[in-house]
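So the number in the numbering used here is just where the residue sits in the sequence shown, counting from 1, plus 8. Written out below as structure tokens is the structure these notes cover.
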Amino acid sequence: MKTLLEKEALHAGVSKMAKQIEQAYEGRQLTIVGVLTGSVVLMADMIRLIQLPMRVGVIQASSYRGATTERGDLIINSELMIDISGRDVLLVDDIFDTGRTLTRVIEKMHEFGPNSIRSAVLLQKEGRVEVDYIPDFTAFNIPDEFVVGYGLDYEDMYRNLPYLAALEPADLEKHAVLSNNQN
Ligand code: IMP
Ligand code: MG
9 MKTLLEKEAL HAGVSKMAKQ IEQAYEGRQL TIVGVLTGSV VLMADMIRLI QLPMRVGVIQ
69 ASSYRGATTE RGDLIINSEL MIDISGRDVL LVDDIFDTGR TLTRVIEKMH EFGPNSIRSA
129 VLLQKEGRVE VDYIPDFTAF NIPDEFVVGY GLDYEDMYRN LPYLAALEPA DLEKHAVLSN
189 NQN
């Protein structure tokens, strides 16, 4: 794997974004909602860095690839979400790629009557956006490569890596062999 961002660089970028968020919401209460599962590591850091009174919640977005749904069909599950009505919501996700996930989640959240919804992402991939929206806060812009670590996965693995790495063809082969041998 090729390391794109070391642990220290990640921390610096996330701290900077946390400061920008603090300034943007100064004097207000914040409701931070993390998109499961990719945002868990970023959420854990952000909620401890942002010095504002806050509520913390989650919403789940997953792309099912079962027999009955089209590949990449997005399922949004808001059953776990806390009350956001009348609140200033900051939605947190790992990566803004085409933008379809985040815009669909925002659409869903509007059903619950928040006062405002803004978004913060760890990463934005260059040249991929397919929607008319950009996140309000972005820690890093990265080239169009498939990345893992710091919450981001490949087939549900590698989320625990403390750094961000790009998966190369040799890594995919290794991953396939390991998955077949050990499940
Ligand atoms: P979008 O809907 O195209 O913006 O994709 C967003 C979702 O796709 C993210 O929340 C991730 O779960 C996943 N994703 C996109 N690019 C990557 C990547 O490079 N590594 C891991 N997951 C990714
Ligand atoms: Mg994901």
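We put the beta carbon where it would ideally sit given N, CA and C, even for glycine.
Distance from the CA of N123 to the CA of E87, rounded to the nearest whole angstrom, comes to 20 Å. CA-to-CA, the gap between L13 and Y171 works out to about 6 Å.
Spanning the alpha carbons of E16 and I55 requires a straight line of approximately 18 Å. Placement of the Cβ of F148 at a distance of 7 Å or more from every heavy atom of the ligand IMP is found.
Rounded to whole angstroms, the separation of the alpha carbons of D179 and K10 is 10 Å. In this structure, the ligand IMP has no non-hydrogen atom nearer than 7 Å to the beta-carbon of I67. About 21 Å separates the Cβ atoms of R126 and L82, ruling out a contact at the 8 Å cut-off. Of all alpha-carbon atoms in E119, A128, N189, E153, the one lying nearest the alpha-carbon of L50 is that of A128.
Between the alpha carbons of L186 and I58 lies a gap of roughly 39 Å. In this structure, L131 sits away from F154, with a CB-CB distance that is not shorter than 8 Å.
Taking the Cα of V100 as reference, the smallest distance to any Cα among T39, H183, S70 is reached at T39.
As computed with DSSP, A128 is found in a beta bridge with V100, F145. By alpha-carbon distance to E30, the top candidate from L60, N149, G157, V22 is L60. A Cβ-Cβ distance of about 7 Å is found for the pair M89 and V66, placing them in contact under the 8 Å criterion.
In this structure, the ligand IMP has no non-hydrogen atom nearer than 7 Å to the beta-carbon of V113. F154 has its Cβ nearer than 7 Å to a heavy atom of the ligand IMP. For L169, the CB contacts under 8 Å within the same chain, skipping 5 residues up- and downstream, are V156, G157, Y158 in chain order. The Cβ-Cβ distance between D152 and K133 falls below 8 Å.
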